[in-house]
Amino acid sequence: MVEEESVRVVRCGGSELNFRRAVFSADSKYIFCVSGDFVKVHSTATEECVHILQGHRNLVTGIQLNPNNHLQLYSCSFDGTVKLWDYVDGILIKTFVVGLKLHALFTLPSAEDSVFVIINKEKPDVFQLVSVKLPKSSSQEIEAKELSFVLDYINQSPKCIAFGNEGEYVAAVRDFYLSVYFFKKKTTSRFTLSSSRNKKHAKNNFTCVACHPKEDCIATGHKDGKIRLWRNFDDDKKYTYTCLHWHHDMVMDLAFSVTGTSLLSGGRESVLVEWRDATEKNKEFLPRLGATIEHISVSPAGDLFCTSHSDNKIIVIHRNLEASAVIQGLVKDSNIFTGLMVDPRTKALVLNGKPGHLQFYSLQHDKQLYNLDIIQQEYINDSGLIQIELTKAAFGCYGNWLATVEQRQEKETELELQMKLWMYNKKTQGFVLNTKVNMPHEDHITALCFCNAEKFENPTLVTSSKDGHFKVWILTDDSDIYKKAVGWTCDFVGSYHKYQATNCCFSEDGSLLAVSFEEIVTIWDSETWELKCTFCQRAGKIRHLCFGRLTCSKYLLGATENGILCCWNLLSCALEWSAKLNVRVMEPDPNSENIAAISRSSVGSDLFVFKPSEPRPLYIQKNISREEVQWGVFVPRDVPESFTSEAYQWLNRSQFYFLTKSQTLLTFSTKSPEEKLTPTSKQLLAEESLPTTPFYFILGKHREQQDEKINEAFESELVQLPLTENIPAISELLHTPAHVLPSASFLCSKFVSSLLLSKETKSSEEISEDVDMEEGKESDDSDEENDFTEKIQDTNNTDLGEDLLHQLSKSEEKELRKFRKVDYSWITVL
Amino acid sequence: MGEFKVHRVRFFNYVPSGIRCVAYNNQSNRLAVSRTDGTVEIYNLSANYFQEKFFPGHESRATEALCWAKGQRLFSAGLNGEIIEYDLQALNIKYAVDAFGGPIWSMAVSPCGSQLLVGCEDGSVKLFQITPDKIQFERNFDRQKSRILSLSWHPSGTHIAAGSIDYISVFAVKSGSAVHKMLVDRQYMGVSKRKCIIWGVAFLSDGTIISVDSAGKVQFWDSATGTLVKNHLIANADVQSIAVSDQEDSFVVGTAEGTVFHFQLVSVTSNSSEKQWVRTKPFQHHTHDVRAVAHSPTALISGGTDTHLVIRPLMEKVEVKNYDAALRKITFPHRRLISCSKKRHLLLFQFAHHLELWRLGSTVATGKNGDTLPLSKDADHLLHLKTKGPENIICSCISPCGSWIAYSTTSRFFLYRLNYEHDNISLQRVSKMPAFLRSALQILFSEDSTKLFVASNQGSLHTIRLLEGSFKHLHTFQPQSGTVESMCLLAVSPDGNWLAASGTSAGVHVYNIKHLKLHCTVPAYNFPVTALAIAPNTNNLVIAHSDQQVFEYSIPDKQYTEWSRTIQKQGFHYLWLQRDTPITHISFHPKRPMHILLHDAYMFCIIDKSLPLPNDKTLLYNPLPPTNESDVIRRRTAHAFKISKIYKPLLFMDLLDERTLVAVERPLDDIIAQLPPPIKKKKFGT
């Protein structure tokens, strides 16, 4: 089935949606955002991803609507190309090869055949704004080498460039000055703010710029939270500015509304501020947006705003400052302490999200499923404040239990530690706090693990801590007289020579518990909590510890800090093999014996996949990432792949994901994971393209009813289908493109009479009831089929009604056939 | 520069009164400022913002409006219902006319300068004709319901706008009837507040009326239709003043929060002629209400309850970036309020309505340079002398021997004899002052306290011999024929032979007291004199001008001295010329004839004529740690100007004896502490 391509490391979703300003389509129906190498098209109404425009080979750095055709979108990327897309169908129209790393893109309605890009030439820190002439050509890939220089020594961020007054001038800010280049006069004016080190002016740095759409007015944001509105800037002497000051910290982005009557600003306060008429006293707020506002954009129609936030989220906001939709990607705001986990229920990736939250992220759909608030305290955003951090989390008992550890350490001696145990509630489909343990240990908790063996009816949790103990927690009846409430209590405390416990791990069947105490691994019987044996390799502290699985369950693996990987045989209590490998990440595959280890070398990280039973690795991939890999996890596949090549067989049942230091989520694949997304997204598109007319609601209802009706039809014979009879005709009408339909007046009478006819047949021809019933059944079946084909066949389902037409009279059927013939011929002509 | 024991005096409890009105005169580049106690001061903006004239205040004469007419005539009107014209030459009040409309709240001179309009408490707007030597009532406009708080003429002179309570009226001047009545919204931040007071209106030539009101709004009205065009809410408190530039391309408003906002007329886009008013820069130089603003072609001028007069230059209008482009803050009067009796270590402080006599404390302790010595005897408040009547004190003086005190108000002259018996003081008024001694602009005792010199406001100088308990009029130096300019500054030589007197503009006259005749006149200089003194022994006259130039003129030789010529040839250090407060006092060291001691509000300087003059490359303000520097370096860096900036703001500094100085400071914080509390504003992070 799958071609044996080489396995490569691919970025798998979770990319930054907030890397650049999002762009609205002209009708505000869609919102475009960059997402790694792709451009995502989301519906503003439903938040769903409609298309993924893929084709760039590196990070997309800028997107803009084509000012001359608002159904097209330009995008630029680090790969040195500008691409033109038809976003409605998700088709790449043209590629312009510039050949230089492009940092940002701007388009202007006045400059028809050129776009503006930011490039950096010689030095790494010197950026230029240049205009690129896009040659007209019919070929797909066009060289666009005609660059003309506009501004030099600018900031690399596109927030620091703005075009004003229909392209008469361009404003650029950097450090302490604003430069304005006038295209007509070909002159540059430069305005410098005082940058002296005294307290008052120290934070005068410019951070962003926006131009008024109608007037000669430039708004600039500053590091101290001020917004300056510059006017008269065509005169070096007479220029003047006004200050607006509300933000207490850096202004991250500014945007004018389409008419220019209001100015939007945002920053670390997570409050969107709307300045009306650019006056200080007349302002509106949209507070509690959750995270720092990174970008603000305004739809060309003027009815929507959107803000991109530092927690990888885009909020679509109505003109009246009401948030209407949230597009949430993988949150990358905080440090990942918990590592990567897989929720056994949803198969979602679980890791630290917003501060104090666990996020459940669907790898399949590249979106966040939900956030679980663990710390349940208001997050105060202030630099220098020591926050409570969620440091450890673990799932147990098939996702029924979740254990979390949070800590806050203000001083060396003042450690606040809390362990929480959450139970999955089937009714609410969420985790509910069950037990809260204050200071479960005296010192930092280094590891926690559940015993996941089936034979243990009593859930067991083990925590190991730097205080030298490991504790076993079991679920017991709480002191409730009805014996219904359950809670967790400490069952056993173990220690070994006052060494710090660094890791703990249960064997697959749950009979053994391995706890590492610095350099020593201890094996405990989980029934009696007796120390069975110890392993000591004297090769540094144990960093990772895990048992082998399935056929290899007699092995125990440990990776030390000194770069030794050891495998012990539990039956012989002896070292089976050891290898010199500086292991950073060691993850067992839950579905096979395979264990993946990622080692760090000077050039990058290397992946080794091996079975504990044999010291020779199954698969090696060198240099999977230039950065340090911090975490990894195996995610079981829904549908197993079947790689025949021996080297890739480890990928058959699970997929390996890993997270680098810069928090890029990567995986191994022969194809990009987004390809798998396409069927679902295509289907969404089909639904999306249905207009929300009253018919749409009928249709939606009809589908539900249909399902019910099918069931009923099997149950009772006496089913009349008054509605379903009509609907095929409606859907016929709806699915035929409007431009090939005859006039409504012509169709109307037939349509109405078709409705009448069926009723007549019912009432008058009672004799042929049985036949009718049969027909009804048939129609049901065909409807089902119809649905099925619809799903598969995308929008092109004009012939769907064919099977249903036997409900109509013969003559009508003929008529409609004729129409269909007509439109087929029209399509073939195309 | 030598070591001194310094009496650091901080018990001069002087609080300037708040500024009520400011009127800028474009023709002579002068600024008239009236204060809440009725004082009117005239600043010459061309002469380094020197306060060259002042008219003393009067308790019942609270000015509410101040304006210039025809370039040279100054009118004020106040709550006593009178319109007053000032005589700018003789420095007195020319006449007062009652408008018979109750307290006057506003006044405006017609654009051609021939008519004067006042708005009264009873709602009447009265038109006066300005005749060459008086004003004459012409007619009343339609009477309004409530007081007229602001008035503005249309530049063509055909219409006027009058701001009242809750509405603005537009009058046609010809008919005197109201053409429009524009109601102002009382709403304040969504809440209906009290009545909305229109504190200021401005009528522009395109028919736009700009109003500022107590609800914090700046509003633009179309006078042709009487409709509101634009509304700027700029403050949470009253907007109290407005001033428009002559070009009508910018205006300035002052708010009760102490903020001054600048509005500019800017074009909407560079290639369209459409223009709009935009609020540009806020200036927060005041802590209290900004009661008055003015707009000179190059600067925004504001003054208010916090008593500062702030002159903020507009950078885009300033041609060269010199010291004129810097912000000026004038707080203290540019004249002496303190006199000192060297013999008895007494200080006489002059307040608006009383005098205070203090004896300086003394110490027996000694210490190193920079030490604070403990007082063995505290400073004594000896005397509190209250004036009779509502008039403010113009000037005062204590004799060097400490036994005479003289002061003058606008209408009366007082002379007191002080008798010291151990710790008791008895005060005895010298009665029966001659009729010509009615009002004095400056009073001076001779060094041996036997003679009293009085500069009267008619330009004459009286010399009086003082005897034990009585006096004798010796001579009156009449002003030169044709001039009526009054003398404001006097200096007498320590040997008692020479008297120097200076007016506001013309040169310094030197009189020979023995022969009772004019000895000579120092050539006139462009800038007014700010301080005068005659050196002992040499009888050199040292003159300081408002442009920071210092001249030395030898009286016996009737010419400038060699040192003065040298320094004029070489020029002063640029930093010296950039100081922004005038030198207010000059004195000499009795034992070191080469030293001249002078001070302004922010520094004290000893000019050592024996040392080389500094050029622009040398450091002017050299802190000179005198101990640990080698003699060579010190000699190389030493120059004539020894400047100390320890004491500021310095109101008075003089030499008591060879080794003792007295410095009177008035910290600004102490003044602010005595002002009413400002409007409370929420400050972020507090």
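Protein chains in written order, with my numbering: chain Y, 1 to 830; chain G, 1 to 686. The beta carbon of each residue, even a glycine, is placed where N, CA and C say it ideally should be. All values derive from a computational prediction rather than experimental measurement.
Applying the criterion that 16 or more other CB atoms from any shown protein chain within 10 Å of the CB defines a buried residue, is G/Gly-71 buried or exposed? exposed
Is G/Lys-281 close to chain Y? Criterion is C-beta to C-beta, closer than 8 Å. yes
According to DSSP, simplified to helix, strand and coil, what is G/His-384? strand
Classification of G/Thr-409 by the beta-carbon crowding that lies within 10 angstroms, buried from 16 upward: buried
Can you pull the chain Y residues whose beta carbon is under 8 Å from the beta carbon of G/Phe-684, in chain order? His-248
Comparing the C-beta of Y/Lys-226 with each C-beta of chain G, is any distance below 8 Å? no
Less than 8 Å separating the beta-carbons of Y/Val-82 and Y/Ala-144? yes
Look at the alpha carbon of Y/Asp-781 and the alpha carbon of Y/Pro-742, and state the distance between them as a whole number of angstroms. Its pLDDT being 42, under 50, Y/Asp-781 is placed unreliably by the model, and nothing is read from it.
What do you reckon, are the CB atoms on G/His-58 and G/Gly-81 nearer than 8 Å? no
At the 8 Å Cβ level, is Y/Thr-502 part of the contact set with chain G, yes or no? no
Helix, strand or coil at Y/Thr-46 according to DSSP, with G and I counted as helix: coil
Show which residues of chain B have a CB atom less than 8 Å away from the CB atom of Y/Tyr-241. Among the protein chains in the structure shown, which are Y and G, there is no chain B.
Three-state secondary structure (DSSP) of G/Ile-730: What is shown of chain G runs 1 to 686, which leaves residue 730 of chain G out entirely.
Just checking: is the beta-carbon of Y/Thr-107 within a distance shorter than 8 Å of some beta-carbon in chain G? no
Cβ pair G/Ser-396, G/Ile-443 closer than 8 Å: yes
When the Cα atoms are used, what is the spatial distance from G/Leu-577 to G/Phe-128? 45 Å
Nearest candidate by alpha-carbon position, reference Y/Tyr-169, set Y/Tyr-177, Y/Phe-176, Y/Val-150, Y/Asn-155: Y/Val-150
Taking DSSP's pairing of strands, which residues face G/Ile-513 in a bridge? According to DSSP, which records beta bridges pairwise, G/Ile-513 is partnered with nothing at all.
Cβ pair G/Thr-660, G/Phe-4 closer than 8 Å: yes
Are Y/Glu-332 and Y/Gln-663 close, meaning C-beta to C-beta below 8 Å? A small correction: the amino acid at residue 332 of chain Y is Lys; Glu does not occupy that position in the sequence shown. Yes.
Three-state secondary structure (DSSP) at G/Ile-464? strand
Drop a sphere of 10 angstroms on the beta-carbon of G/Gly-163, count the other beta-carbons inside from all chains shown, and report buried for 16 or more, exposed for fewer. buried
Measure the alpha-carbon distance for Y/Leu-390 versus Y/Lys-238 and round it to whole angstroms. 55 Å
Contacts that G/Gln-264 makes with chain Y (C-beta to C-beta distance below 8 Å): Arg-231, Asn-232, Thr-240
Closer than 7 Å between beta carbons: that is the criterion. Which residues of the region 208-221 of chain Y meet it against chain G? Glu-215, Asp-216
Looking at G/Val-184 and G/Phe-171, is the spacing between their C-beta atoms short of 8 Å? no
How do the region 578-587 of chain G and the region 642-662 of chain G stand: do at least 3 beta-carbon pairs fall below 8 Å, yes or no? yes
Can you tell me the Cα-Cα spacing of G/Gly-367 and G/Ala-379, whole angstroms? 20 Å
For Y/Phe-256, which residues of its own chain have a beta-carbon under 8 Å away from its beta-carbon, when the five flanking residues on both sides are left out? Ala-210, Cys-211, His-212, Pro-213, Ala-219, Ser-262, Leu-263, Leu-264, Val-298
Should G/Glu-316 be flagged as near chain Y, meaning a C-beta pair shorter than 8 Å? yes
Quick one: list the residues of chain G neighbouring Y/Asn-165, beta-carbon separation under 9 Å, in chain order. Thr-269, Ser-270, Asn-271
Chain Y within 8 Å of G/Leu-233, Cβ atoms only: yes
At least one CB of chain G closer than 8 Å to the CB of Y/Thr-279: is that the case? yes
From Y/Arg-345 to Y/Thr-259, what distance separates their C-alpha atoms? 49 Å
Tell me, please, whether the CB atom of Y/Lys-283 is closer than 8 Å to any CB atom in chain G? no
Tell me the residue span of the alpha helix (DSSP H) that contains G/Gln-568. 562-570
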